[in-house]
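These protein sequences, in sequence, are chains A and H. For the first sequence, our numbering gives the first residue as 674, with consecutive numbering after it. For the second sequence, our numbering gives the first residue as 674, with consecutive numbering after it.
2 protein chains.
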Amino acid sequence: MKEINVGLIGFGTVGSGVVKLLQENKDLISDKLGAKLILKKIADIDTTTDRGVYIEEGVLISDANELLADPEISIIIELIGGYEPAKSFVLKAIANGKHIVTANKALLALHGDEIFTAALNGGVEILFEAAVGGGIPVLAAIKGNMAANRFTTVLGILNGTCNYILTKMADERADFDDVLKAAQELGYAEADPTFDIEGTDTAHKLALLLALAFGSKINFSRIYTEGITSIAAIDMDFARQLGYKIKLLAIGKCDGEKIEARVHPTMLPLNYPLADVKGAFNAIRLTGDFVGPVMFYGSGAGMKPTASAVVGDVMDIARNIVAGVGNRVAPLGFIKDSAKSLPIMGIGEIRSRYYMRFGVTDQPGVLARIAGALGEHNISIKSMIQPTKTGNAVPIVIITHEAAEKDVIAALEKIDAFDMVLEKSNRIRIEDNLE
Amino acid sequence: MKEINVGLIGFGTVGSGVVKLLQENKDLISDKLGAKLILKKIADIDTTTDRGVYIEEGVLISDANELLADPEISIIIELIGGYEPAKSFVLKAIANGKHIVTANKALLALHGDEIFTAALNGGVEILFEAAVGGGIPVLAAIKGNMAANRFTTVLGILNGTCNYILTKMADERADFDDVLKAAQELGYAEADPTFDIEGTDTAHKLALLLALAFGSKINFSRIYTEGITSIAAIDMDFARQLGYKIKLLAIGKCDGEKIEARVHPTMLPLNYPLADVKGAFNAIRLTGDFVGPVMFYGSGAGMKPTASAVVGDVMDIARNIVAGVGNRVAPLGFIKDSAKSLPIMGIGEIRSRYYMRFGVTDQPGVLARIAGALGEHNISIKSMIQPTKTGNAVPIVIITHEAAEKDVIAALEKIDAFDMVLEKSNRIRIEDNLE
Chain A
674 MKEINVGLIG FGTVGSGVVK LLQENKDLIS DKLGAKLILK KIADIDTTTD
724 RGVYIEEGVL ISDANELLAD PEISIIIELI GGYEPAKSFV LKAIANGKHI
774 VTANKALLAL HGDEIFTAAL NGGVEILFEA AVGGGIPVLA AIKGNMAANR
824 FTTVLGILNG TCNYILTKMA DERADFDDVL KAAQELGYAE ADPTFDIEGT
874 DTAHKLALLL ALAFGSKINF SRIYTEGITS IAAIDMDFAR QLGYKIKLLA
924 IGKCDGEKIE ARVHPTMLPL NYPLADVKGA FNAIRLTGDF VGPVMFYGSG
974 AGMKPTASAV VGDVMDIARN IVAGVGNRVA PLGFIKDSAK SLPIMGIGEI
1024 RSRYYMRFGV TDQPGVLARI AGALGEHNIS IKSMIQPTKT GNAVPIVIIT
1074 HEAAEKDVIA ALEKIDAFDM VLEKSNRIRI EDNLE
Chain H
674 MKEINVGLIG FGTVGSGVVK LLQENKDLIS DKLGAKLILK KIADIDTTTD
724 RGVYIEEGVL ISDANELLAD PEISIIIELI GGYEPAKSFV LKAIANGKHI
774 VTANKALLAL HGDEIFTAAL NGGVEILFEA AVGGGIPVLA AIKGNMAANR
824 FTTVLGILNG TCNYILTKMA DERADFDDVL KAAQELGYAE ADPTFDIEGT
874 DTAHKLALLL ALAFGSKINF SRIYTEGITS IAAIDMDFAR QLGYKIKLLA
924 IGKCDGEKIE ARVHPTMLPL NYPLADVKGA FNAIRLTGDF VGPVMFYGSG
974 AGMKPTASAV VGDVMDIARN IVAGVGNRVA PLGFIKDSAK SLPIMGIGEI
1024 RSRYYMRFGV TDQPGVLARI AGALGEHNIS IKSMIQPTKT GNAVPIVIIT
1074 HEAAEKDVIA ALEKIDAFDM VLEKSNRIRI EDNLE
């Protein structure tokens, strides 16, 4: 039986999962491929820690360059993450004619254009299913069986740390800081959680989804990104009362001319399947012009689910090697040069419905002034709640009809300057008008 | 640009959707393929009805054999459904060296072995994504990115008609017969709904899912199948009260040695995403040893979603034609002859938790006798409800701990023979122990 040699760079959690999977399901894999996958070398700067998986003497080396130069290796798995040296390794592997499988969303969101072009020109493949949604095979579905669709909407819960925190906050009426601390102690959040809680990781993943779904070049820098740090327990209470869940949602919309791309806390109606995605799970909902709405749900991270996506990609490339073809599907699903460069709208240009919370003094006429300021900016109110006083500031919550973000920005700036407003307002966008 | 000629047999609802999709998204498709898909001929015995789509003069013909004999056509789409003449057409197309795309679950569930063997021997491909879950790309995911997994469980809500009826019954506390009649008037159920409501259509789809997920040969005849006709409004009431939804569920489980395969009404806890699948939507939940649980959700039928899956398959084959390869992935995902023949367990051998409803006379000692009979057959009771009397028979509802089906059959037979039992008991299996 034909043997296909694989090299792995990065022997951390996911790397160990990949080794485990290649060992445990070896026979299953060769029954499907008609070829054997041989993990010939693993490169990691740490060659001593016991990862709990057996590897043969001589397989683990410290110098990735040795592996990149090995002429017997056809597929390189890059799992070190971050920008450098990952980028250099990937480009060198491509230059050496090796196919790439990576889970590195940060690298591809920022340098994908350069890397994909190098892969296309070099006649090698690059697959990255594990970069978005962990084990959920959503990228393969967009490039594969759903390829005939013109997609109009992509929505995603793509960061397990944020979803875990928001789920806990909602279930336990707890404050953000306390839940984050607990999550860190349990290992559900990094010691430095910035990339997760500020929405950056979600935006990296959205950048890749947009490119695949809308056939446009990757444009990470234009994605509006807002994290979950400003969500208060009181917002969770109001959300519950109003029939919503708050999720950190990646939103992509495309009308064929321009793209709306944003990551921010979002209120979702309770009866939406996305509202029901709990804890560390991820979900992606796409709407295509023919397939309609389709949702994918599963483990968005973790050693074993991520390894499933990585090895699935390796098998896809291996099938091409067995069949003797290359570049059967381009990295973003479109043939070379057919990807468009659609502009991404600024956040001010979008329209949404809004939840707004104001902390005001308890005196007559306050609501009239707020309503007046909103009206002056073409924002109509759909409903309002003014609960009993808590603390110094009385909260007023307003749900608006669809309004322009630029009008909302202007109105809130004006309202926040009123004397009777004691706290800076909070506003959360609402997504409840899905096709 | 290279042109790939496609022939369509069956110009009904889905066939019209395929024509529409090939026309509307023509440019998108060629941007992805680097080739043009040309619908060269459509065969249908009805060549006069207006399907609301434009086709050029001479494309629509009445004789499928003409299309099957056309040497310029590389891919045949079979959308006539049923066994014959579909089977003869498909086998003839394979004999003529043409690739096949079909949505015909009934044909493949019964004659898949013969057809797949013919395709493998003939060096042509056969894809059938649209046969299971309409537009949901679940088969491609099992054969594709999730291929490295050993699957242990497959659960599916696979029949839109049944799910629509059960959703209506639950929401409107209506009886089966009334909802079926309304569904027929609205076109959501066929004039002869037998295949749907008796579970046969769901079992056809399960047969295909099992073969793909567990790598075993198709074995439709061994799938235990029970439809939804015995579900009463009162069962819906109790389900609600107990925190369950009743769904027609396709269940496949595999421990590597044997397969459990059954289709029947099933109680699912309200907090399961599957319990929340409404109306004509479909969902499939798979558990793999590495990916963990993954769920796919979308439109399980209809002109446009089904067309999405059909054209997605056509594009997959077209990519192989462009690349100059064939049989890159075998019909069931395993290379020739590597599929096993795992035995499917008889229904008596399975274990489950059960909901049991008895209609008894209102007299002391009834519950004791029922409980005694259950105990004699090793069935322990988890909870019991005895509501106030309705009609002549007093309902008693029992939820059991896990028990063997063969014991349940024996116990219910015994209990149903008691004098004080006025109605035949109803039992619904419960699935609430998902990994």
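The C-beta atom is built at its ideal place from N, Cα and C for all residues, glycine as well.
Alpha carbon to alpha carbon, what distance is there between residue j and residue i?
i, j, result
"E1078 (chain H)", "T825 (chain A)", "48 Å"
"L701 (chain H)", "I677 (chain H)", "15 Å"
"V679 (chain A)", "L710 (chain A)", "7 Å"
"I718 (chain H)", "D736 (chain H)", "7 Å"
"L1085 (chain A)", "M1057 (chain A)", "16 Å"
"K1097 (chain H)", "G1032 (chain H)", "7 Å"
"T939 (chain A)", "K926 (chain A)", "15 Å"
"F1007 (chain H)", "E745 (chain A)", "26 Å"
"F969 (chain A)", "D874 (chain H)", "24 Å"
"T898 (chain A)", "H937 (chain A)", "6 Å"
"P978 (chain H)", "A855 (chain A)", "44 Å"
"F684 (chain H)", "T1073 (chain H)", "50 Å"
"E787 (chain H)", "L831 (chain H)", "24 Å"
"R958 (chain A)", "E798 (chain H)", "30 Å"
"M976 (chain A)", "G690 (chain A)", "5 Å"
"L921 (chain A)", "V1067 (chain A)", "27 Å"
"F849 (chain A)", "P758 (chain A)", "34 Å"
"I753 (chain A)", "G785 (chain A)", "16 Å"
"I907 (chain A)", "V852 (chain A)", "15 Å"
"G806 (chain A)", "S972 (chain A)", "7 Å"
"Q1036 (chain A)", "G1045 (chain A)", "16 Å"
"R1026 (chain H)", "E802 (chain A)", "38 Å"
"K1009 (chain A)", "G1048 (chain A)", "49 Å"
If I follow the unbroken alpha helix (DSSP H) through residue i, where does it start and stop?
i, result
"V650 (chain A)", "Residue 650 (chain A) is absent from the structure shown; chain A starts at 674 and stops at 1108."
"A982 (chain H)", "M976 to A996"
"F789 (chain H)", "K778 to G795"
"I1082 (chain A)", "E1078 to D1089"
For residue i, go through chain A and note every residue whose CB falls closer than 8 Å to its CB, in chain order.
i, result
"E802 (chain H)", "N818"
Can the beta-carbon of residue i be found closer than 7 Å to that of residue j?
i, j, result
"G961 (chain H)", "M819 (chain H)", "yes"
"L706 (chain A)", "A991 (chain A)", "yes"
"L879 (chain A)", "A923 (chain A)", "yes"
"G795 (chain H)", "I750 (chain H)", "no"
"A956 (chain A)", "V950 (chain A)", "yes"
"L885 (chain H)", "I815 (chain H)", "yes"
"P726 (chain A)", "V983 (chain A)", "Note that residue 726 (chain A) is Val in the sequence shown here, rather than Pro. No, they are not a contact pair."
"I901 (chain H)", "I870 (chain H)", "yes"
"I919 (chain A)", "L839 (chain A)", "yes"
"K714 (chain A)", "L740 (chain A)", "yes"
"I682 (chain A)", "V987 (chain A)", "no"
"K792 (chain H)", "P1004 (chain H)", "Inspection of the sequence shows that residue 792 (chain H) is occupied by Ala rather than by Lys. Yes."
"A1012 (chain A)", "N698 (chain H)", "no"
"I734 (chain H)", "A708 (chain H)", "no"
"I1052 (chain A)", "D1080 (chain A)", "yes"
Using a C-beta to C-beta distance shorter than 8 Å, which residues of chain H count as neighbours of residue i?
i, result
"D704 (chain A)", "G888, F1007, I1008 and S1011"
"L694 (chain A)", "A821 and F963"
"G997 (chain A)", "V998"
What are the boundary residues of the beta strand (DSSP E) that residue i is part of?
i, result
"G808 (chain A)", "Neither: G808 (chain A) is in no beta strand (DSSP E) and is coded neither H nor E."
"R958 (chain A)", "F954 to G961"
"K1097 (chain A)", "V1094 to I1103"
Give me the chain A residues within the contact set of residue i, using Cβ-Cβ distance strictly less than 9 Å, ordered along the chain.
i, result
"R823 (chain H)", "E697, N698 and L701"
"S761 (chain H)", "The premise fails here: S761 (chain H) is roughly 27 Å from chain A at the closest Cβ pair, so nothing lies under 9 Å."
"S689 (chain H)", "In chain order: nothing, as chain A lies at least about 12 Å away."
Give me the chain H residues within the contact set of residue i, using Cβ-Cβ distance strictly less than 9 Å, ordered along the chain.
i, result
"P744 (chain A)", "Within 9 Å Cβ-Cβ: nothing; P744 (chain A) doesn't reach chain H, min ~24 Å."
Using the beta-carbon of each residue, which ones in chain A are nearer than 7 Å to residue i?
i, result
"I748 (chain H)", "Correct list: empty, because the minimum Cβ distance to chain A is about 14 Å."
"M988 (chain H)", "A820 and A821"
"S981 (chain H)", "M819, A821, N822, G961, F963 and V964"
Chain H partners of residue i, CB-CB under 7 Å?
i, result
"I809 (chain A)", "V967"
"V1002 (chain A)", "R992"
ask   = On the three-pair Cβ rule with 8 Å, is the stretch 1097 to 1106 of chain H touching the stretch 931 to 947 of chain H?
value = yes
query = Should the stretch 856 to 871 of chain A be called in touch with the stretch 995 to 1007 of chain A, which here means at least 3 C-beta pairs below 8 Å?
reply = no
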